[in-house]
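J.: Residue numbers (this note's numbering): 13 to 260.
For each residue, glycine too, the CB sits at the ideal point set by N, CA and C.
Source: prediction; values computed, not measured.
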């Protein structure tokens, strides 16, 4: 099963009010295990960056409102591609996988708005796996932010001084695996053995057959003699004699 852990950073809270995505970070899981494949893209929002948004993620100081000089190491957006240049590549990466998102309504709202403006297919809401909803159901009344869940599960998030889409996706992947039961949530004892056929393909249709050569008896001569003497004492009506049993 393929899943994509996903996070976005934006200029604000409302795409219909003019806010845009400025960063997308994705991480691939296969059968709940990270594959190492990621997608990361900074995006030029084609608008000024509000001060409040900048204080959250530290992206885009070159187009701040009010203007201020860029800080060392800050991410600049004016030279980054606009969403219409990267939207198809994003869709190609996520494919038809489930999308694991913390507060999925927020990210899905922005992604679908951007995709709609491009004329590209939107992401069905039912594909989203909302870890915020999972956490609230599993720990009712407890803080369910990403930082709070990191503290609960002992996940190191010390490098998360600011929000960053790819870093948050990496942290969220660890949180998600803990929420669903650890790193191997699908590990169960199989109901029966599987066997490879001649082509090497594993088949679940294998069924046990009789041994071509019966295993030798594990009873010693003394044990067999003791058993025979015990049955003899029970007389001719002994069930063992009626069934014709013999120790093996």
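Looking at the secondary structure, which residues open and close the beta strand (DSSP E) in which residue 20 lies?
T.: Run containing residue 20: 14-22, per the beta strand (DSSP E) assignment.
J.: For residue 261, tell me which candidate among 119, 232 and 157 has the shortest Cα-Cα distance.
T.: Any answer about residue 261 is impossible in this case: the structure gives the chain only from 13 up to 260.
J.: Would residue 165 be called buried (16 or more neighbouring beta carbons within 10 Å of its own) or exposed?
T.: Answer is exposed; the Cβ neighbour count stays below 16.
J.: Is it true that the CB of residue 27 sits closer than 9 Å to the CB of residue 125?
T.: Cβ distance < 9 Å, so residue 125 and residue 27 count as in contact.
J.: Can you find the residues in the same chain that come closer than 8 Å, C-beta to C-beta, to residue 93, ignoring five residues on each side of it along the sequence?
T.: The answer, listed in chain order, is 53, 55 and 56.
J.: Alpha helix (DSSP H) containing residue 143: first to last residue?
T.: Looking at the DSSP string, the run of the alpha helix (DSSP H) that includes residue 143 is 143-150.
J.: Can you give me the C-alpha to C-alpha distance between residue 132 and residue 107, rounded to a whole angstrom?
T.: Rounded to the nearest angstrom, the two C-alpha atoms are 13 Å apart.
J.: Give me the Cα-Cα distance between residue 244 and residue 235, rounded to the nearest whole angstrom.
T.: One C-alpha to the other measures close to 14 Å.
J.: Buried or exposed: where does residue 211 fall if 16 or more other Cβ atoms within 10 Å of its Cβ makes it buried?
T.: Residue confidence for residue 211 is low, a pLDDT of 40 falling below 50, so the modelled location carries little weight and cannot support an answer.
J.: Any idea if residue 159 is buried or exposed, counting beta-carbon neighbours within 10 angstroms, 16 or more meaning buried?
T.: So residue 159 ends up on the exposed side.
J.: So, at 7 Å on beta carbons, what are the nonlocal neighbours of residue 181 in its own chain, with the 5 sequence-adjacent residues on each side left out?
T.: Within the same chain, residue 181 has close Cβ partners 17, 18, 19, 37, 38 and 39.
J.: Does residue 249 pass the burial test, meaning 16 or more other C-beta atoms within 10 Å, or should it be called exposed?
T.: Exposed.
J.: Inspect the beta-carbon positions of residue 91 and residue 114 and report whether they are closer than 9 Å.
T.: Cβ distance not < 9 Å, so residue 91 and residue 114 don't count as in contact.
J.: Under the assumption that residue 191 contacts residue 147 (Cβ atoms under 8 Å), give the Cβ distance between them as a whole number of angstroms.
T.: Going by Cβ atoms, the distance from residue 191 to residue 147 rounds to 6 Å, so yes, they are a contact pair.
J.: Taking a contact to mean a Cβ-Cβ separation below 9 Å, would you say residue 122 touches residue 50 in this structure?
T.: No, the Cβ-Cβ distance between residue 122 and residue 50 is not below 9 Å.
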